[in-house]
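These notes are about the structure you will find just below.
Numbering (my numbering), first residue to last: 27 to 203.
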């Protein structure tokens, strides 16, 4: 009698349920995306920022979900990083909230696609979310638009958020032990 592939997975504990509810699996994947984001950012050819933004956003999402799993909190099936921070009790400041709001949009669509599924998402992104991350200056008839360094998802901002997540994750795991 031979075992089916599913039976072998069940015997070895490699099941959908077991893997999906183990916070360590989520954090390992988060670390992979974090490392990818850093490699992209350090690359001499780091010109298009979207792969960096996407990887850093996904890294934070997975880290936050690992905390939720470690603390037995049920999260919604979405990519709203601020909602996840609230759920797991991660304390962040207003600038970090803006950074996470932008990264959420980048995960959902703008880091992957040229347009979202709905025009309303496009308008909200450009009129509200993106606008929070730029500084507009004008002097006479000269106008400049610059990134708001306090809110834009630079590598330093990403790593600060990552450290908050990592600390909370380690604390959650220690409490569980």
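Glycine is no exception: its CB is placed at the ideal position from the N, C-alpha and C atoms.
When you compare each of the options to residue i by their alpha carbons, which one comes out closest?
i           : options           : result
residue 89  : 111, 76, 56, 40   : 56
residue 78  : 46, 97, 58        : 58
residue 160 : 125, 80, 86       : 125
residue 120 : 158, 165, 92      : 158
residue 64  : 50, 51, 52, 85    : 85
residue 122 : 36, 27, 190, 43   : 190
residue 178 : 185, 170, 128     : 128
residue 46  : 75, 91, 186       : 91
residue 173 : 183, 153, 75, 162 : 162
residue 185 : 154, 52, 83       : 83
For the beta strand (DSSP E) that contains residue i, what are its first and last residues?
i           : result
residue 171 : 168-173
residue 161 : 160-165
At what residues does the alpha helix (DSSP H) containing residue i begin and finish?
i           : result
residue 50  : 49-68
residue 117 : Element bounds for residue 117: n/a, residue is neither H nor E.
residue 138 : Taken as a continuous stretch (DSSP letters only), residue 138 belongs to no alpha helix (DSSP H), as it is neither H nor E.
Going by DSSP in three states, residue i sits in which element: helix, strand or coil?
i           : result
residue 43  : helix
residue 98  : coil
residue 152 : helix
residue 36  : helix
residue 201 : helix
residue 85  : helix
residue 71  : coil
residue 104 : coil
residue 186 : helix
residue 76  : helix
residue 91  : helix
residue 176 : coil
How many Å lie between residue i and residue j at the Cα?
i           : j           : result
residue 14  : residue 107 : The shown model of the chain, from 27 to 203, leaves out residue 14, and the question about it has no answer.
residue 137 : residue 181 : 16 Å
residue 194 : residue 35  : 31 Å
residue 71  : residue 33  : 47 Å
residue 48  : residue 41  : 11 Å
residue 69  : residue 94  : 32 Å
residue 27  : residue 39  : 21 Å
residue 192 : residue 118 : 14 Å
residue 50  : residue 75  : 29 Å
Going by the CB atoms, is the gap between residue j and residue i shorter than 9 Å?
i           : j           : result
residue 142 : residue 151 : yes
residue 188 : residue 31  : no
residue 80  : residue 132 : yes
residue 114 : residue 198 : yes
residue 97  : residue 201 : yes
residue 134 : residue 105 : yes
residue 110 : residue 87  : yes
Mind checking if residue i is an interface residue toward chain B, Cβ cutoff 9 Å exclusive?
i           : result
residue 201 : No chain B is part of this structure, which consists of one protein chain only.
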